[in-house]
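Only one structure is covered here, and it is reproduced in the block below.
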Amino acid sequence: MEDYEALLKKAQEELPENVAGGERFTIEKIKGHLEGKKTVLVNLHAIAKTLGRDVQHLLKYLLKELATPGKVVRDRVLLGTKVSATKINKKIKKYASEFVFCSECNKPDTELSEEKEITYLKCLACGVKKPVKSLR
Numbered sequence: 021m022e023d024y025e026a027l028l029k030k031a032q033e034e035l036p037e038n039v040a041g042g043e044r045f046t047i048e049k050i051k052g053h054l055e056g057k058k059t060v061l062v063n064l065h066a067i068a069k070t071l072g073r074d075v076q077h078l079l080k081y082l083l084k085e086l087a088t089p090g091k092v093v094r095d096r097v098l099l100g101t102k103v104s105a106t107k108i109n110k111k112i113k114k115y116a117s118e119f120v121f122c123s124e125c126n127k128p129d130t131e132l133s134e135e136k137e138i139t140y141l142k143c144l145a146c147g148v149k150k151p152v153k154s155l156r
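For the numbering used here, count along the sequence shown from 1 and bump the result up by 20.
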């Protein structure tokens, strides 16, 4: 029995930290800075990748929600006005709840698909398919 306990302790010590506790899916906080009257976001691409969504889709949502012009320039995103990181993070969370997390099982294992001009959120975990608002 002691061998089992020793092996179990060894296995637990060798586990990576992110497996040992917490959620498996965390959304990174936005990183950026102000340049004059503009806001520069440097990690929106990484956040979009984590969410499993196209950066253009996420950006279009943010621009509508923040009521600001903006564009992608190489690997950065420029917003036409000063916007606080707190406000952007809240909008990204709202985006995730609308376009990433399943309304039934609350898992992030989803994909967006378009059929007859209607955008659907399909859950790959439980199979639910529901329409979501279009970002036209």
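C-beta atoms are modelled at their ideal positions from N, C-alpha and C, and glycine is treated no differently.
Taking 8 Å as the cut-off, the beta carbon of Gly72 is found no closer than this to the beta carbon of Val60.
As DSSP reads the structure, Cys146 sits in no beta bridge.
Counting along the chain, Lys80 sits inside the alpha helix (DSSP H) bounded by residues Val75 to Leu86. Each residue's CA atom was taken as its position, placing Gly90 and Gly100 some 5 Å apart. Boundaries of the beta strand (DSSP E) around Glu135: Thr130 to Glu135. With fewer than 16 other Cβ atoms inside 10 Å of its own Cβ, Leu54 counts as exposed. For Thr101, there is no enclosing alpha helix (DSSP H), since its DSSP letter is neither H nor E. Of the residues Ile108, Lys113, Val120 and Val75, the one whose Cα lies closest to the Cα of Val93 is Val75. Just so you know, the alpha carbons of Ser104 and Gly147 end up roughly 37 Å apart.
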